[in-house]
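Peer 1: Under our numbering, the residues of the sequence shown are numbered 3 to 388, in order.
Every residue gets a Cβ at the ideal spot worked out from N, C-alpha and C, and that includes glycine.
Note that this is a predicted model, so its numbers are computed, not measured.
Let me give you the structure first, and then I'll get to my questions.
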Amino acid sequence: MFDCIVVGAGFAGAVIARELAEKSNKRVLIIEKRNHIAGNMYDCFDSSGILIHKYGPHIFHTYSKRVYEYLSDYTSWNNYQHEVAGSIDGKLVPIPFNLNTLKQVFDAETAVRLKEILVSKHGMESRIPILTLRQDENPEIRKVADYVYEKIFINYTMKQWGLKPEEIDPQVTARVPVHISFDNRYFQDEYQGLPEEGYTRLFERLLNHENITVRLNTNACDLIKIDTVKKKLFFEGEVFNGPVVYTGAIDELLEYRLGVLPYRSLDFKFETYEMNYYQPKGTVNYPNDMLYTRITEFKHLTGQRIEGKTTIVKEYPMEYNRTGSVGNIPFYPIFTQENMKMYNDYKNMLEGIDNLFLLGRLAEYKYYNMDAIVESALNMYNRMNV
Ligand code: FAD
Ligand code: UDP
Numbered sequence: 003m004f005d006c007i008v009v010g011a012g013f014a015g016a017v018i019a020r021e022l023a024e025k026s027n028k029r030v031l032i033i034e035k036r037n038h039i040a041g042n043m044y045d046c047f048d049s050s051g052i053l054i055h056k057y058g059p060h061i062f063h064t065y066s067k068r069v070y071e072y073l074s075d076y077t078s079w080n081n082y083q084h085e086v087a088g089s090i091d092g093k094l095v096p097i098p099f100n101l102n103t104l105k106q107v108f109d110a111e112t113a114v115r116l117k118e119i120l121v122s123k124h125g126m127e128s129r130i131p132i133l134t135l136r137q138d139e140n141p142e143i144r145k146v147a148d149y150v151y152e153k154i155f156i157n158y159t160m161k162q163w164g165l166k167p168e169e170i171d172p173q174v175t176a177r178v179p180v181h182i183s184f185d186n187r188y189f190q191d192e193y194q195g196l197p198e199e200g201y202t203r204l205f206e207r208l209l210n211h212e213n214i215t216v217r218l219n220t221n222a223c224d225l226i227k228i229d230t231v232k233k234k235l236f237f238e239g240e241v242f243n244g245p246v247v248y249t250g251a252i253d254e255l256l257e258y259r260l261g262v263l264p265y266r267s268l269d270f271k272f273e274t275y276e277m278n279y280y281q282p283k284g285t286v287n288y289p290n291d292m293l294y295t296r297i298t299e300f301k302h303l304t305g306q307r308i309e310g311k312t313t314i315v316k317e318y319p320m321e322y323n324r325t326g327s328v329g330n331i332p333f334y335p336i337f338t339q340e341n342m343k344m345y346n347d348y349k350n351m352l353e354g355i356d357n358l359f360l361l362g363r364l365a366e367y368k369y370y371n372m373d374a375i376v377e378s379a380l381n382m383y384n385r386m387n388v
């Protein structure tokens, strides 16, 4: 019936399915365990009629013209430019820490002096990871770095990961570098915004192809079995030799034979208020107070016009517990050496099953943004030679 199987209907699965269906004329079966498409990008209207992102706020941003143009076949964009404020000592200041933040948190004279030192050392528009800035030989620069570390990074990172900034992969905190600039945007990417009619609509269009069949509410691991000795993949009890692109978690595919791969998870609390806006920016981070890390107000992101009500989401980080009633979705891979070893051991078990392709945030155990996943899916299709 089908030439290819794709597990998961997030960006990884949907993009590769479309490529296989359209460019190679393959009949593709997508198996998705949730009751909807769009993976973690899924959006829907809540009971107040406000468009919300069920799995946390998603802002598309990319430097890649190729990815932007690819997705633009399925959506137009609202060109939203994301800004984040941090609640620091009772004030709302721009995050990432930039020259505007500097002016708000230091007295005028100190701010001018520190700005000159930072600009002459690093140059305008430079972006320096906090852990790098803390190593600077200039004590004045270290003073700024220590301030940012203490007020913005240490407590947020402890909440988010249960670990200190220096205990996690440096690339994670480098996502939010100190920015020597007056640009208050969270991202500087050339292309940014949200799909004008939402992500789910984008996915509906992406998957709307005569060669694509989507089966929802189905755990692919109940249907796909891996024989690691014979190097064969079975689908519904029969050997399946066509391409299988798997975008779920690798430990689940191998029935947790080596143990459960650790992740961080989140609990999202949505609240609706009878007011036009709840906060001045799309997202407000709470590094030092509260049990949640941030509050996002969807109307800022989507630009939806609706009078007298607004919905926000609070993100509570927690350990991933796959059988728990909360925290049961694996959101963020945790890159410790031990975890990477477990991931690689799982991957080695799959070596030699040449029709199985691992793709996506879960299957590759990587901290991918949406644009990187789309690019990766397009590249994988080109490598598949089908
Ligand atoms: P997913 O979207 O997770 O899709 C995988 C799909 O596979 C899911 O639908 C899942 O149900 C399904 N699946 C898994 N296992 C099975 C199985 N056994 N059987 C059947 N189906 C299965 N990126 C950005 O670029 N900008 C942002 O602003 C942004 N915000 C984020 C906010 C949060 C809170 C989080 C956690 C991530 C954010 N991301 C953001 C990252 C973004 O979510 C990922 O890049 C994206 O989800 C990756 O797509 P994917 O297809 O690999 O995975
Ligand atoms: N971070 C922080 N304080 C902030 C914002 C980010 O300490 O106010 C750190 C934290 O460790 C976080 C990482 O930087 O996990 C990456 O932040 P980003 O906003 O990119 O996280 P995401 O949106 O992917 O959850």
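Closest by CA to Leu-255, which one among Val-107, Glu-366, Arg-203?
Peer 2: Comparing Cα-Cα distances from Leu-255 to each of Val-107, Glu-366, Arg-203, the minimum goes to Glu-366.
Peer 1: Could you tell me whether the region 163-178 touches the region 130-146, using the rule of 3 or more Cβ pairs below 8 Å?
Peer 2: Yes, they touch.
Peer 1: Using a 10 Å radius around the Cβ and a threshold of 16 neighbouring Cβ atoms, would you call Met-372 buried or exposed?
Peer 2: Buried is the call here.
Peer 1: Return the CA-CA distance between Leu-380 and Val-388, expressed in angstroms with no decimal places.
Peer 2: The alpha-carbon atoms of Leu-380 and Val-388 are separated by roughly 13 Å.
Peer 1: Taking 7 Å as the line, does the beta carbon of Phe-155 fall inside it for any heavy atom of the ligand ZN?
Peer 2: The ligand ZN is not among the ligands present in this structure, which contains only the ligand FAD and the ligand UDP.
Peer 1: If we count Cβ pairs, one from each stretch, closer than 8 Å, do we get three or more for the region 290-297 versus the region 96-112?
Peer 2: With the cut-off at 8 Å, the region 290-297 and the region 96-112 do not touch.
Peer 1: I'd like to confirm something about Ile-33: is its beta-carbon nearer than 7 Å to some heavy atom of the ligand FAD, or not?
Peer 2: Within the cutoff, so yes.
Peer 1: In its own chain, which residues sit with a C-beta less than 6 Å from the C-beta of Val-146, not counting the 5 before and 5 after it?
Peer 2: Only Leu-116 meet the Cβ criterion.
Peer 1: Counting C-beta neighbours from all protein chains within 10 Å, is the total for Glu-267 16 or more, i.e. buried, or is it exposed?
Peer 2: A small fix is needed here, since residue 267 is Ser in this sequence, not Glu. Counting Cβ neighbours within 10 Å, Ser-267 comes out buried, since at least 16 surround it.
Peer 1: Within the continuous beta strand (DSSP E) that includes Asn-287, where are the two ends?
Peer 2: Per DSSP, Asn-287 belongs to the beta strand (DSSP E) from 285-287.
Peer 1: Under 8 Å, do Ile-308 and Ile-52 count as touching if we go by C-beta distance?
Peer 2: Yes.
Peer 1: Taking only runs that begin and end inside the region 210-263, name each unbroken beta strand (DSSP E) of 3 or more residues, in chain order.
Peer 2: The qualifying runs are 214-217, 226-229, 234-237, 246-248.
Peer 1: Measuring straight from C-alpha to C-alpha, what distance separates Val-286 and Val-246?
Peer 2: Rounded to the nearest angstrom, the two C-alpha atoms are 41 Å apart.
Peer 1: On the three-state DSSP scale, how would you describe Lys-349?
Peer 2: Reduced to three states, the DSSP call for Lys-349 is helix.
Peer 1: Which one of Asp-347, Cys-223, Val-262, His-211 has the shortest CA to CA distance from Asn-27?
Peer 2: It is His-211 whose Cα lies nearest to the Cα of Asn-27.
Peer 1: What residue range is occupied by the uninterrupted beta strand (DSSP E) comprising Pro-319?
Peer 2: It spans 312-321 - the beta strand (DSSP E) in which Pro-319 sits, taken as one unbroken run.
Peer 1: May I ask whether a heavy atom of the ligand FAD can be found less than 7 Å away from the beta carbon of Glu-254?
Peer 2: Yes.
Peer 1: Can Gln-162 and Pro-319 be called in contact, C-beta distance under 8 Å?
Peer 2: A contact, by the Cβ cut-off of 8 Å.
Peer 1: Would you call the region 27-36 and the region 205-224 touching, i.e. three or more CB-CB distances under 8 Å?
Peer 2: With a cut-off of 8 Å, the region 205-224 and the region 27-36 count as touching, because enough Cβ pairs lie within range.
Peer 1: Look up Leu-360 in the DSSP assignment and give the residues it is bridged to.
Peer 2: Answer by DSSP bridge pairing, in chain order: Tyr-248.
Peer 1: What separation, rounded to the nearest whole angstrom, lies between the Cα atoms of Tyr-44 and Asn-140?
Peer 2: So the alpha carbons of these two residues sit roughly 46 Å apart.
Peer 1: Under 8 Å, with one C-beta from each stretch per pair, do the region 356-365 and the region 11-31 reach the 3-pair mark?
Peer 2: Short answer: they touch.
Peer 1: Considering Val-174, what are the terminal residues of the alpha helix (DSSP H) in which it resides?
Peer 2: Taken as a continuous stretch (DSSP letters only), the alpha helix (DSSP H) holding Val-174 covers 172-175.
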